[in-house]
Structure formats: structure tokens, C-alpha cells
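Residue numbers (our numbering): 29 to 335.
Where is the CB? At the ideal position from N, CA and C, for every residue including glycine.
Keep in mind the model is a prediction, meaning the values are calculated, not measured.
For reference, the structure discussed in these notes is given below.
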Amino acid sequence: MKAIRVAQYGQAEGLTLQERPALAPKKGEVLIDVAGSGVNPIDWKILSGAMQAFIPLELPYTPGVEVAGRVAAVGEGVDSFAIGDEVFGFIGIVGGYATQVIASADRLAHRPGRLSPLEASGVPAAALTAWQALHEHAQIKAGQTILIHGAAGGVGSMAVQMAKVVGATVFATASARNHDYLKSLGADQVIDYTQNRFEAVIDEVDVVLDLVGGDTQSRSWDVLKAGGVLVSPVSPPDAARAAEVDATGKHFATRSDGAQLAQIATLFEGGDLMIDVEVLPLSQAEGALRKSWGRHIRGKLVLDASR
Ligand SMILES: NC(=O)c1ccc[n+]([C@@H]2O[C@H](COP(=O)([O-])OP(=O)(O)OC[C@H]3O[C@@H](n4cnc5c(N)ncnc54)[C@H](OP(=O)(O)O)[C@@H]3O)[C@@H](O)[C@H]2O)c1
29 MKAIRVAQYG QAEGLTLQER PALAPKKGEV LIDVAGSGVN PIDWKILSGA MQAFIPLELP
89 YTPGVEVAGR VAAVGEGVDS FAIGDEVFGF IGIVGGYATQ VIASADRLAH RPGRLSPLEA
149 SGVPAAALTA WQALHEHAQI KAGQTILIHG AAGGVGSMAV QMAKVVGATV FATASARNHD
209 YLKSLGADQV IDYTQNRFEA VIDEVDVVLD LVGGDTQSRS WDVLKAGGVL VSPVSPPDAA
269 RAAEVDATGK HFATRSDGAQ LAQIATLFEG GDLMIDVEVL PLSQAEGALR KSWGRHIRGK
329 LVLDASR
């Protein structure tokens with residue numbers, strides 16, 4: 029098998045596909061022949077070295093948190109998947125940019141037939157993040173209003189669609205080039221954050237999903253109703269500001285959960301969710317990381333493991 033290897037933090041140059049030893053699944057694990065690997069901001073955040081204190085890794089390592097592919101072998105005690113099954117999953121914090129990976133069976137789900145393997149490879153991390161933000165942390169309900177910052181990216185594009193499934197009214201921020209895309213996903217109103225301050229354009233909302241952080245997050249308190257919730261997987265909201273406006277701020281890290289991913293898969297099967305992917309060869313992982321680092325991906329960027 030082959031994998032992209034990072035020898036040094038901060039060094040995005042010279043990431044190449046290298047031959048690696050064969051993998052064998054242990055108890056509870058699955059070996060996957062990878063079709064595609066999703067690219068996520070966490071990949072370049074880890075590569076930058078900024079997360080060393082929270083996520084200590086042994087170097088060299090292989091980036092990548094999610095894959096889709098076919099089961100090549102199963103370890104002892106795995107009865108939910110069999111050789112030949114098409115699966116996808118958020119496999120862990122690293123390891124995904126490879127032609128084969130090992131994953132714990134409880135992190136996987138069967139790939140929805142409506143998605144190609146490459147499309148499916150971009151789903152797990154973004155969809156689980158959006159799902160947990162909306163349902164576990166914001167507990168969004170029909171008839172509520174939500175403002176989604178960074179709506180055109182991986183998590184945002186999932187969150188817009190999931191909020192519409194619930195029956196919420198969705199306000200979204202994005203640059204003008206992404207407005208038609210977000211309308212096609214169901215957003216009720218899209219605000220061009222490069223031209224307008226969102227707080228000047230919308231009324232108070234029940235929920236803010238912050239996928240941008242910084243000043244965007246701090247200004248969001250001004251549009252939150254009393255009793256509202258600001259959820260951010262990017263950075264912890266200011267508790268003092270939350271108290272001032274009688275709202276709640278929540279920060280969370282996404283949990284890998286195969287059963288929840290299976291629930292999300294049924295929404296793709298039913299046509300309630302879709303994903304837009306841009307595909308690059310796995311051998312061009314370095315360029316893909318740089319592109320993601322630029323912070324203007326629409327939908328998801330994924331790596332084709334066959335190239
Ligand atoms: N803690 C966790 O477990 C966890 C899990 C998942 C994600 N996250 C974090 O959540 C964030 C979003 O993740 P992602 O995968 O969705 O990222 P992404 O796909 O890279 O997001 C890119 C999108 O951000 C938009 N954007 C950039 N600056 C913006 C701004 N100032 N206002 C509004 N939109 C802006 C861009 O739209 P335009 O091109 O139109 O500007 C682009 O579509 C990242 O910081 C990621 O690390 C954390």
C-alpha cells in the first residue's frame with residue numbers, strides 16, 4: 029500500500045506517496061481498500077504544528093481523517109461488515125491519505141448507493157460535525173431560525189441542508205460566487221460577508237452555527253435572541269458575552285460515530301442531502317492541502333486514491 033507521509037510539522041513541501049508495509053486488521057477493526065480520502069481543515073491545522081499540544085503525533089505520519097472504499101479484510105469479532113462491502117467513515121485524526129487504511133468497525137457505515145465512492149469520501153467528518161452541532165448542541169427545531177457562517181464549505185453545506193430537513197429558516201454567509209450554490213441547497217437568504225455586515229442585514233435568530241471564528245463569532249452575539257445558542261467547532265465562545273445577552277455558547281469536537289453516520293446515510297439515500305466534490309489525485313495531496321488552507325473550498329475537496 030502507499031501513503032502520503034509528513035516528516036516535519038510546518039513542511040507542506042515535498043509530500044509524496046511512499047510505499048508502506050502491508051496492514052492487517054486486529055480485533056474489532058476493518059481493512060479498507062481506499063477509493064477516496066476527504067480533505068479537511070484539521071489536516072492542515074495538524075500539519076502546521078499548531079495542534080501539537082492537543083494532538084501529539086509520532087513523526088512521520090499520514091494526514092487524513094476520513095475515507096470511502098471497499099472492505100478488504102475484517103478482524104476478529106467484526107460482524108457488521110464483510111469483505112467486499114462498500115463503506116465510509118471518519119476513521120481517526122490521521123491516516124486517511126493512503127491507498128489502504130485500518131479503521132475501527134464502529135466508526136464505519138455502509139456507503140449510500142446514491143453517492144459515488146469519491147463523493148462519499150467527503151461526507152463523514154463534515155456531516156457528523158453539522159449533525160452534532162444542530163441536533164446535539166443546538167437542538168434545533170422546526171420553525172426556528174439559524175445563521176450559518178462559512179455555509180459554502182464542507183460543514184456549512186451539510187448544515188444548510190440538515191437545517192432545512194428539520195424545517196428551520198436558514199440564513200447563510202458566503203462570498204457572492206457561492207450564493208447560487210447555497211440557494212440550490214435550500215438557504216433562504218444568503219449574505220455576502222465581503223460586502224455587508226450580517227448584523228445589519230438580518231433580525232435575531234435562535235441559533236448561530238459559527239464555522240469561521242474570530243471577529244465573525246464575536247459579532248454573532250448581536251444577532252442572537254435571548255435564550256438562543258451559538259455553537260462553534262472552531263473556537264470556544266466567550267461565556268461572559270453569552271451571559272450578557274442571556275444566550276448559551278457551545279464549543280465541541282466532532283465525535284466519530286458509525287451509527288450516527290448510518291442515520292445520515294439514509295438522508296443521502298432519500299435525496300434529502302447531496303454533496304458537491306472537487307477531486308484531485310492522491311499524489312497531489314500537497315496541492316490539496318494548500319487549497320484547503322486558502323479557506324475558499326466550495327463543498328468538499330477529495331483525493332482520488334487511484335491516481
Ligand atoms: N472541532 C472540530 O471537531 C471540528 C470539526 C469540523 C470542522 N471544524 C472547523 O470548522 C471550520 C469549518 O470547517 P469546514 O470543513 O467547513 O471548512 P472549509 O470547507 O474549509 O470552509 C470553507 C468555506 O469557508 C467560507 N469562508 C471563509 N471565510 C469566511 C467568512 N469570513 N465568512 C463566511 N464564510 C467564510 C468560504 O466561503 P467563500 O469562499 O464564499 O468565502 C468557504 O466556502 C474549520 O475551522 C474547521 O477546522 C472543527
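Remark: the C-beta of Ser212 is outside contact range of ligand 1, defined as less than 8 angstroms to any heavy atom. In the DSSP assignment, His324 falls outside any alpha helix (DSSP H) and carries neither an H nor an E.
Contact between Val102 and Ala110 is confirmed by a C-beta separation of about 7 angstroms, below the 8 angstroms threshold.
The C-alpha of Glu57 lies about 31 angstroms from the C-alpha of Gly42.
Residue pairing of Tyr89 in beta bridges, as defined by DSSP: Val34. Buried is the label assigned to Ile60, since at least 16 other Cβ atoms lie within 10 Å of its Cβ.
If you look at Gly277, you'll find it in the beta strand (DSSP E) that goes 276 to 279. A heavy atom of ligand 1 is found nearer than 8 angstroms to the CB of Phe280. In the three-state scheme derived from DSSP, where H, G and I count as helix and E and B as strand, Glu314 is classed as helix. About 15 angstroms separates the CB atoms of Ile119 and Leu310; that is not less than 8 angstroms, and the two are not in contact. Glu104 is classed as exposed because its beta carbon has fewer than 16 other beta carbons within 10 Å across all chains shown. For Lys328, the enclosing beta strand (DSSP E) stretches over residues 328 to 332. Taking one beta carbon from each stretch, the segment 223 to 242 and the segment 132 to 147 have fewer than 3 pairs nearer than 8 angstroms; the two do not touch. Ile130 is not a Cβ neighbour of Leu75, given a cutoff of 9 angstroms. Counted as a single uninterrupted DSSP element, the stretch harbouring His207 is not any beta strand (DSSP E) but the alpha helix (DSSP H) occupying residues 207 to 213. By a beta-carbon distance limit of 8 angstroms, Val194 contacts Lys169. Their separation comes to about 7 angstroms. Around the Cβ of Ile83, a 10 Å sphere holds fewer than 16 other Cβ atoms; the residue is exposed.
In the three-state DSSP reduction, Glu114 falls in the strand class (E or B).
The C-alpha of Ala204 is placed about 31 angstroms away from the C-alpha of Glu164. At least one heavy atom of ligand 1 falls within 8 angstroms of the beta-carbon of Ile325.
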